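Read the structure below first, then the notes.
Residue numbers (the working numbering): 5 to 357.
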């Protein structure tokens, strides 16, 4: 391993410098690991979207654009972070140009902050899209989600202005004000979206699952997907709480901001990967045998978006304005309608997420 200085000549750094040097190395290592995971999932997601075909499918085109943008932003952020670490190592020398390094570090800090806020906003776009799609045709929920997303964008833009004034105009702002703008809006948006999915999960178990009689025990595949979305959202919200506590100094110098951008990129990218692989309500992953009360339903499948057959929509029932796509339907509650058709091989339910 490389040796920074002649050990015989004695120590040249005090304990505080050594502590910060260790912290920089630890932060860089953790950032590189999380970036590597994000890069792997992002490449797999992009490949899956391209493999399924992009022509005429705006949803896949948009998801691919978001995925590639997240990868580019995270790559640029990591590169700038490495450059910042290398510049700070020069300060360990006895002679260095303090002014040039300080100005460069300020520019790097502002650019990194801007990239982080942009990644956070794109992450919230995917999170809001996930909840928006589940709550089909519910204008009140859609309006609330739009307000949350607008608030996230507004607070991120305001924080970018604050950071610019701090770095280049030496205008200081209250710590509470900056931390509130930095994390509260993001936490509220993700918490609200997770709460909406949790409500759908509760509604499904109470009003929909009673129509299915499974021969095996355990949760249905629909429940599994909703649980996955709910638990991942709760974990992501927990991470934002930890980040907020770190902003107020509860973890000392060991904060979470240095690899949070890659976590924020990994979370929506993983959701996009699941969608691109049809891991949500697809016949190859979520296909199951089931029986409905009073009648046999061979080969019941939850089909991916775009399939022909019946539809199961999370949103208002057909009496509330949803589009009916088949001759007969059964409204089993104000939030879900099952449309009955008879394709070859049995009944199919198409869940739109």
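Glycine is no exception: its CB is placed at the ideal position from the N, C-alpha and C atoms.
Quick caveat: nothing in here was measured; it's all calculated off a predicted structure.
A residue is called buried once 16 or more other Cβ atoms fall within 10 Å of its Cβ, and residue 154, having fewer, is exposed.
With a threshold of 16 other beta carbon atoms within 10 Å, residue 22 falls short and is exposed. A direct Cα-to-Cα measurement between residue 32 and residue 91 gives close to 14 Å. The region 102 to 119 and the region 167 to 175 touch, with three or more beta-carbon pairs separated by less than 8 Å.
With a cut-off of 8 Å on Cβ pairs, the region 159 to 168 is in contact with the region 177 to 192, counting three or more such pairs. The three-state secondary structure of residue 276, taken from DSSP, is helix.
Residue 58 carries a coil assignment under DSSP once its states are collapsed to helix, strand and coil.
Note on residue 102: under 16 other CB atoms within 10 angstroms of its CB, so exposed under the neighbour-count rule. Cβ neighbours of residue 194 within its own chain (closer than 8 Å, five residues either side excluded): 128, 131, 237, 240, 241 and 244. Boundaries for residue 208: no alpha helix (DSSP H) harbours it, and the DSSP string shows neither H nor E there. Residues of the same chain with a CB within less than 6 Å of the CB of residue 110, apart from the 5 flanking positions on each side, are 171 in chain order. DSSP places residue 146 within a helical segment (H, G or I) once states are collapsed to three.
At least 8 Å separates the beta-carbon of residue 121 from that of residue 81.
Within its own chain, the residues whose Cβ lies closer than 7 Å to the Cβ of residue 268, once the five positions on either side in sequence are excluded, are 123, 124 and 127, listed in chain order. Straight across, the Cα-Cα distance linking residue 45 with residue 151 is about 30 Å.
68 is the residue among 79, 63 and 68 whose C-alpha sits nearest the C-alpha of residue 48.
If only uninterrupted alpha helix (DSSP H) runs of at least 4 residues are considered, those enclosed by the region 146 to 203 are 179 to 183. When C-alpha distances from residue 248 are compared across 278, 181, 211 and 38, the shortest belongs to 181.
Residue 196 is not a Cβ neighbour of residue 231, given a cutoff of 8 Å.
Across the set 74, 275 and 39, the C-alpha of 39 shows the shortest separation from the C-alpha of residue 86. One Cα belongs to residue 28, the other to residue 93, and the distance between them is close to 10 Å. Taking 8 Å as the cut-off, the Cβ atoms of residue 183 and residue 252 count as close.
Around the beta carbon of residue 134, a 10 Å sphere encloses 16 or more other beta carbons of the protein chains shown; the residue is thus reported as buried.
The criterion of a C-beta distance shorter than 8 Å is not satisfied by residue 265 and residue 50.
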